[in-house]
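Novice:
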Amino acid sequence: MSLISTKEMLIKAQEEGYAVPAFNIHNLETIQVVLDAARDLKSPVILAATPSTVKYADENYLLAIIEKASEINNIPLTFHLDHHENIEDIKRIIKLGCKSVMIDASKYEFRKNVEIVKDIVDYAHKYGATVEAELGKLGGVEDDLKVDEKDSFLTDPNEAVEFVKATGVDSLAVAIGTAHGLYKSEPKLDFDRLEKIRSMVDIPLVLHGASGVPYDAVQNAIEKGICKVNIATELKIPFSNAIKEYFNENPNASYPRLSYGGNDNNYRASTYWLRDGSYLRLKTLEVGYTLPKSIVNKIRFNKIRVFFIGTNILTFAKFKEWDPEMGSSNGEKYPLAKTFTLGLTVNI
Ligand code: 13P
Numbered sequence: 002m003s004l005i006s007t008k009e010m011l012i013k014a015q016e017e018g019y020a021v022p023a024f025n026i027h028n029l030e031t032i033q034v035v036l037d038a039a040r041d042l043k044s045p046v047i048l049a050a051t052p053s054t055v056k057y058a059d060e061n062y063l064l065a066i067i068e069k070a071s072e073i074n075n076i077p078l079t080f081h082l083d084h085h086e087n088i089e090d091i092k093r094i095i096k097l098g099c100k101s102v103m104i105d106a107s108k109y110e111f112r113k114n115v116e117i118v119k120d121i122v123d124y125a126h127k128y129g130a131t132v133e134a135e136l137g138k139l140g141g142v143e144d145d146l147k148v149d150e151k152d153s154f155l156t157d158p159n160e161a162v163e164f165v166k167a168t169g170v171d172s173l174a175v176a177i178g179t180a181h182g183l184y185k186s187e188p189k190l191d192f193d194r195l196e197k198i199r200s201m202v203d204i205p206l207v208l209h210g211a212s213g214v215p216y217d218a219v220q221n222a223i224e225k226g227i228c229k230v231n232i233a234t235e236l237k238i239p240f241s242n243a244i245k246e247y248f249n250e251n252p253n254a255s256y257p258r259l260s261y262g263g264n265d266n267n268y269r270a271s272t273y274w275l276r277d278g279s280y281l282r283l284k285t286l287e288v289g290y291t292l293p294k295s296i297v298n299k300i301r302f303n304k305i306r307v308f309f310i311g312t313n314i315l316t317f318a319k320f321k322e323w324d325p326e327m328g329s330s331n332g333e334k335y336p337l338a339k340t341f342t343l344g345l346t347v348n349i
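Positions in the sequence shown are counted from 1; adding 1 to them yields our numbering.
1) Is the distance from the Cβ of Asp37 to the Cβ of Tyr268 below 9 Å?
2) Quick check: what's the CA-CA separation for Glu223 versus Tyr57?
3) Just how far apart, CA to CA, sit Ala125 and Ser6?
4) Just to confirm, are Leu48 and Lys229 a CB contact at a threshold of 9 Å?
5) Determine the direct distance from the alpha carbon of Thr156 to that of Phe111, and round the result to whole angstroms.
6) Going by the C-beta, is Thr131 closer than 8 Å to any heavy atom of the ligand 13P?
7) Consider the Cβ of Leu64: report whether some Cβ of chain E lies at a distance smaller than 9 Å.
8) Could you give the distance in angstroms between the alpha-carbon of Pro188 and the alpha-carbon of His209?
9) Using CA coordinates, which residue listed in Gly178, Glu16 and Asn87 is at the minimum distance from Asn114?
10) May I have the straight-line CA-CA distance separating Tyr184 from Phe24, to the nearest angstrom?
11) For Gly226 and Ser255, what's the separation of their Cα atoms in angstroms?
12) Have a look at Asp123 and Glu116 and give me their C-alpha separation to the nearest angstrom.
13) Buried or exposed: where does Pro45 fall if 16 or more other Cβ atoms within 10 Å of its Cβ makes it buried?
14) Could you tell me if Ser200 is buried or exposed, where buried requires 16 or more neighbouring beta carbons within 10 angstroms of its beta carbon?
15) What does the alpha-carbon distance come out to for the pair Leu195 and Ile177?
16) DSSP on Leu42, reduced to helix/strand/coil?
17) Would the C-beta of Leu29 count as close to the ligand 13P, meaning under 8 Å from any of its heavy atoms?
18) Beta-carbon within less than 6 Å of Pro158's beta-carbon, same chain only, minus the 5 sequence neighbours each way: which residues are those?
19) Is the beta carbon of Leu82 sitting closer than 9 Å to the one on Ile91?
20) Can you give me the start and stop residues for the beta strand (DSSP E) that Ser200 sits inside?
21) Secondary structure at Arg301, three-state DSSP: helix, strand or coil?
22) Quick one: grab the DSSP three-state call for Gly328.
23) Run through DSSP, which three-state label would Pro22 get?
24) Can you tell me whether DSSP reads Asn87 as helix, strand or coil?
Have a look at this one:
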């Protein structure tokens, strides 16, 4: 087994002030597309699987695919169990070679959460695996996990200190105002709380529920100490929509291969999150034509003028001096992107 633990990855991120993205994968196609984007952008990446993904795809297949992927992709990558609650399942999968797990016992009261997490930590560390746990409780929907907003609560900094000490856990998922799934209104993150936790706890901190969180808020959270950012919804929705659209538009299609129907949208979504190597930023949905780099290189972007009206619609006009090799006029670099899209960018 050549899968690596996430501990070194996250400590490096913590020391250097960036965050490693953890994308929730579901099948071969979602693994491929995240890896394509991560490899192109030379970013470390964590492939995360919830219990229903593991049940669907089978841990033996997942481990084998990701182990092979880590051999052929020259980037730090690993496989992580996300929001697992079943102790026996976690231990069994660690034994099979998984080096990174989240035990989510956040639904229990503090003492019971500590007890369960400590049991997994003791076990996982014997196998060189990293353990993440959650303190506080995020609202929203992730997999079969549904938490009503009224039952969610934020992480208490003093409890966080006690929790980390008592469990020996390697990284801590903090509840600071994000939620899983789609937001009804813009989330407001409690940065003071995050700063306080960061100043009192020295292990890497994890932000769950990053889909739909404004770009600046994600950046601010990273600046204030988040080292791992979890994204699921913003990849799974474009992927599912692309499949639906493809089969609707091609009713006679009969090959269930998703390289066209799903990967392209997901690739673009993944690259948004991975720009600059290691952190995340999808806040938009693109509608337009995707062109290969060979064609884009021949286009003079400073000749393109596109105007749209509306407060939540941006345009590529801001990229009018964009040189695909050098990055855009506002200094952002996308030198490794394979394809570029011309069209609308709609805030979602
Ligand atoms: P989102 O679906 O909101 O991106 O949350 C992902 C997550 O936190 C997975 O653990």
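Quick reminder that beta carbons are idealized off the backbone N, C-alpha and C, glycines included.
Specialist: The relevant details are as follows:
1) The residue you call residue 37 lines up with position 36 of the sequence shown. The residue you call residue 268 lines up with position 267 of the sequence shown. Taking the C-beta atoms as reference points, Tyr268 is found nearer than 9 Å to Asp37.
2) By one-based count along the sequence shown, residue 223 stands at place 222. By one-based count along the sequence shown, residue 57 stands at place 56. Here the sequence assigns Ile to residue 223, which means Glu is not the residue at that position. Note on geometry: alpha-carbon atoms of Ile223 and Tyr57 lie some 32 Å from one another.
3) As a working note, residue 125 is residue 124 in the sequence shown. As a working note, residue 6 is residue 5 in the sequence shown. Those two C-alpha atoms are separated by around 10 Å.
4) Position 47 of the sequence shown, counted from the start, is the residue given in the question as residue 48. Position 228 of the sequence shown, counted from the start, is the residue given in the question as residue 229. Contact: no.
5) Along the sequence shown, read from residue 1 onward, the residue named residue 111 stands at position 110. Along the sequence shown, read from residue 1 onward, the residue named residue 156 stands at position 155. Whole-angstrom Cα-Cα distance: 11 Å.
6) Here residue 131 corresponds to residue number 130 of the sequence shown, with the count starting at 1. It does not: the Cβ of Thr131 is nowhere closer than 8 Å to a heavy atom of the ligand 13P.
7) Of the protein chains in the structure, only one exists, and it is not chain E.
8) Counted from its first residue, the sequence shown places residue 188 at position 187. Counted from its first residue, the sequence shown places residue 209 at position 208. Each residue's Cα considered, the two are about 12 Å apart.
9) In the sequence shown, counting from the first residue as 1, residue 114 sits at position 113. When only C-alpha atoms are compared, the closest one is Asn87.
10) Your numbering for residue 184 matches position 183 in the sequence shown. Your numbering for residue 24 matches position 23 in the sequence shown. Using only the alpha carbons, I get a separation of about 18 Å.
11) Looking up residue 226 in the sequence shown gives position 225. Looking up residue 255 in the sequence shown gives position 254. Cα to Cα, the separation comes out at about 48 Å.
12) Position 122 of the sequence shown, counted from the first residue, corresponds to residue 123. Position 115 of the sequence shown, counted from the first residue, corresponds to residue 116. Roughly 11 Å between the two C-alpha positions.
13) Numbered from 1 along the sequence shown, position 44 holds the residue referred to as residue 45. Buried, since its Cβ has 16 or more Cβ neighbours within 10 Å.
14) Residue mapping note: residue 200 aligns to position 199 of the sequence shown, counting from 1. Under the 10 Å beta carbon count, Ser200 is surrounded by fewer than 16 other beta carbons and is classified as exposed.
15) The residue labelled residue 195 in the question sits at position 194 within the sequence shown. The residue labelled residue 177 in the question sits at position 176 within the sequence shown. Here the C-alpha atom of Leu195 lies approximately 7 Å from the C-alpha atom of Ile177.
16) Taking the sequence shown and counting its residues from 1, one reaches residue 42 at position 41. Note: Leu42 maps to coil in three-state DSSP.
17) To locate residue 29, count along the sequence shown from 1; it is residue 28. Leu29 Cβ: outside cutoff for every heavy atom of the ligand 13P.
18) If you number the sequence shown from 1, residue 158 lands on position 157. Same-chain partners within the cutoff: Lys197, Ile198 and Met201.
19) Residue 82 sits at position 81 when you count from the first residue of the sequence shown. Residue 91 sits at position 90 when you count from the first residue of the sequence shown. Yes, Cβ-Cβ distance for Leu82 and Ile91 is below 9 Å.
20) On the sequence shown, position 199 is the one that residue 200 refers to. Per DSSP, Ser200 belongs to no beta strand (DSSP E); it is in the alpha helix (DSSP H), Phe192 to Met201.
21) Taking the sequence shown and counting its residues from 1, one reaches residue 301 at position 300. Because the pLDDT at Arg301 is just 39, under 50, the model does not fix this residue reliably, and the value given afterwards should be weighed accordingly. In this structure, Arg301 counts as coil in the three-state DSSP scheme.
22) As a working mapping, residue 328 is identified with position 327 in the sequence shown. Only weak support is given to the placement of Gly328: the predicted model assigns it a pLDDT of 40, under 50, and the value that follows is read from those uncertain coordinates. Here Gly328 sits in strand by DSSP.
23) As a first step, residue 22 must be located in the sequence shown, where it is residue number 21. DSSP places Pro22 in strand when its eight states are reduced to three.
24) Here residue 87 is taken as the residue at index 86 of the sequence shown, counted from 1. If DSSP states are grouped into helix, strand and coil, Asn87 belongs with coil.
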